[in-house]
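The structure appears right after this line, and notes come after that.
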Amino acid sequence: MKSIKERLSAIKLLLLDVDGVLTDGKITYTDSGEEIKNFCVKDGLGLRLLMNSGVKVGIITGRSAGGALTQRCRNLGIDIVFHGIKDKTAALKKIVEEQVIDIPEVAFVGDDLPDVSVMKQCGFSFAVVNSSPEVIRHADYTTANRGGDGAVREICEAILKAKGLWEGILDRFISSTIHNN
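Per the working numbering, the sequence shown starts with residue 10, numbered consecutively.
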């Protein structure tokens, strides 16, 4: 059996649930009925770094995408978006076919019961630390950070480190710092 590092280094596509993973799972409605979600900027940078390194990122969520999710995906450059999905496993199969990728090269991040079936199908599964216990039981890796509060960044860094890319990314940020004397 392959080690966690070997399995993570093979990841070519990271799929994410939204509520409870990219957000803290809370939904706020304005008086006019508009839905407001909070996204973590550190998660966003992690996703951009991952995509810039050649790993694709996509969304599979049971809720229909509102303006907040649509805008966040547009801002990050995520164009694999499956929303309003009742059968996440069927969505996974469609994505794998469309992206011409093998299941062992796919990781999924979930937090609640609708995510378990797709987690069990993927090559690697992540649960955020504030997931339901049943989800954590089925995960290959549980984050130290909560959903919507750095968990996705932690996952992105783990994949980049397993691929041997993290030090190069750090070097680019450090060497691009402007020095004032």
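No residue lacks a Cβ here, since even glycine has one placed at the ideal position from N, Cα and C. Bear in mind the structure is a predicted one, so any value in this text is a computation, not a measurement.
Problem - Sequence ranges, alpha helix (DSSP H) only - wholly within the region 110-163, length at least 4 - result: 125-130, 142-146
Exercise for the section: Report back the beta-carbon spacing between T233 and I145 to the nearest angstrom; my notes put them in contact at under 8 Å. Expected result: Residue 233 is absent from the structure shown; the chain starts at 10 and stops at 190.
Problem - Residue closest to R57, alpha-carbon to alpha-carbon, out of L23, S41, T39, D33 - result: L23
Practice task
Tell me whether K14 is buried or exposed, calling it buried when 16 or more other Cβ atoms sit within 10 Å of its Cβ.
Solution key: exposed
Handout entry: Where N84 falls, given that 16 or more other Cβ within 10 Å makes a residue buried
Key = exposed
Handout entry: Through-space distance from S184 to N190, alpha-carbon basis
Key = A caution first: N190 carries a pLDDT of 47, below 50, which makes its placement in the model too unreliable to give a value.
Problem - Beta-bridge partners of I45, as assigned by DSSP - result: T37
Practice task
Compute the beta-carbon to beta-carbon distance between D120 and G29, rounded to the nearest angstrom, for a pair I have assumed lies under 8 Å.
Solution key: Between D120 and G29 the beta-carbon gap is near 4 Å, inside 8 Å, which marks them as a contact.
Problem - Integer-rounded CB distance, given that L59 should sit under 8 Å from L179 - result: For a cut-off of 8 Å, the C-beta gap from L179 to L59 is around 14 Å, too long to register as a contact.
Handout entry: Neighbourhood of G76 by C-beta distance below 7 Å, restricted to the same chain and skipping five residues each side
Key = none
Handout entry: T96 classed as buried or exposed, judged by whether at least 16 other C-beta atoms fall within 10 angstroms
Key = Looking at the sequence provided, one finds Asp at residue 96 rather than Thr. With fewer than 16 other Cβ atoms within 10 Å, it is exposed.
Practice task
Check the DSSP bridge columns for L24 and list the partner residues they point to.
Solution key: G67, F117
Practice task
Return the CA-CA distance between F133 and I164, expressed in angstroms with no decimal places.
Solution key: Their Cα atoms are separated by approximately 11 Å.
Handout entry: Spatial distance of G173 from Q130 (CA atoms)
Key = 26 Å
Exercise for the section: Counting only the same chain and skipping the five closest in sequence on each side, list residues whose C-beta sits under 6 Å from that of R140. Expected result: Correcting the residue type first, residue 140 is Ser in the shown sequence and not Arg. Excluding positions up to five away in sequence, the list reads D120.
Exercise for the section: Within 10 angstroms of the Cβ of M128, are there 16 or more other Cβ atoms? Answer buried if so, exposed if not. Expected result: Buried.
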